[in-house]
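Student:
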Amino acid sequence: MPLPVVLKDVLEQVDPLTDGWQTYVHRTTGEVVGFSDEDEILAEEDPEELPEWQQEVLQTVRAVHASDDYVRLPDPFDFDEYGVMAQFCRLQEDPDLRSELLEAIRGRGAFRRFKDLIHDRGIDQDWYACRDEALKAFLADFFEAEGIPFVDE
Numbered sequence: 065m066p067l068p069v070v071l072k073d074v075l076e077q078v079d080p081l082t083d084g085w086q087t088y089v090h091r092t093t094g095e096v097v098g099f100s101d102e103d104e105i106l107a108e109e110d111p112e113e114l115p116e117w118q119q120e121v122l123q124t125v126r127a128v129h130a131s132d133d134y135v136r137l138p139d140p141f142d143f144d145e146y147g148v149m150a151q152f153c154r155l156q157e158d159p160d161l162r163s164e165l166l167e168a169i170r171g172r173g174a175f176r177r178f179k180d181l182i183h184d185r186g187i188d189q190d191w192y193a194c195r196d197e198a199l200k201a202f203l204a205d206f207f208e209a210e211g212i213p214f215v216d217e
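Residues in the sequence shown are numbered consecutively from 65, following this note's numbering.
1. From F141 to L181, what distance separates their C-alpha atoms?
2. Relative to the alpha-carbon of E95, which residue among E210, D101, V74 has its alpha-carbon at the smallest distance?
3. Does DSSP put S163 in a helix, in a strand, or in coil?
4. Can you give the Cα-Cα distance for V148 and F202, rounded to whole angstroms?
5. Quick check on T124: does DSSP put it in helix, strand or coil?
6. What distance in whole Å lies between the Cβ atoms of V89 and V135, which are believed to be in contact at a cut-off of 8 Å?
7. Starting from R154, follow the alpha helix (DSSP H) in both directions and report where the run begins and ends.
8. Quick check: the Cα distance between R176 and F152, rounded to an integer number of angstroms?
9. If the criterion is Cβ atoms closer than 7 Å, does the pair F214 and V97 meet it?
10. Determine which residues share a DSSP beta bridge with G98 and list them.
11. Which residue's Cα is closest to the Cα of E210: P138, H129, A130, D190?
12. Throw me the rounded Cβ distance for the Q86 and E104 pair, which I believe falls under 8 Å.
13. Closest by CA to R154, which one among D144, K72, L166?
14. Whose CA, out of T93, D184, A198, W191, lies closest to the CA of D132?
15. Helix, strand or coil, according to DSSP, for R176 in the structure here?
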């Protein structure tokens, strides 16, 4: 029987979701591994003169690509962080704050303005908790669709 994936471990690997970073989960063991696009290129080239730690990373890359047991986790573009931001803004009880947040997420530079505003207003921890919950739900849906057991710890 496959071991369940621990959502907390996955969140640590994918938070923040980053372009240029690949994260995989092993279907049977629940192990979560990640590496950069650059690591993947190096693994294909197989250079000999690399530090031991980097050789270990390249071994992981090769193991992932040699096995059908590893499933790649969604890319950053698959998670609608902007939609989660908008929902967070609409859920604010203070109408002035709600309006100010909704205005901040309009147009170019929305993410920077939003992050500056939540920091200035002291609600950044509320935002990150909201974002983590949305990301956990997103990953739970992904694991269910892939038939991978998981636990929420």
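Quick reminder that beta carbons are idealized off the backbone N, C-alpha and C, glycines included. These numbers come from a predicted model, not from an experiment.
Tutor: A quick look at the data gives this:
1. Between F141 and L181, the C-alpha separation is close to 23 Å.
2. V74
3. helix
4. 11 Å
5. If DSSP states are grouped into helix, strand and coil, T124 belongs with the helices.
6. 6 Å
7. 145-154
8. The alpha-carbon of R176 is positioned some 15 Å away from that of F152.
9. no
10. DSSP output for G98 lists T87 as bridge partner(s).
11. P138
12. 7 Å
13. L166
14. Checked all of T93, D184, A198, W191; the closest Cα to D132 is T93.
15. helix
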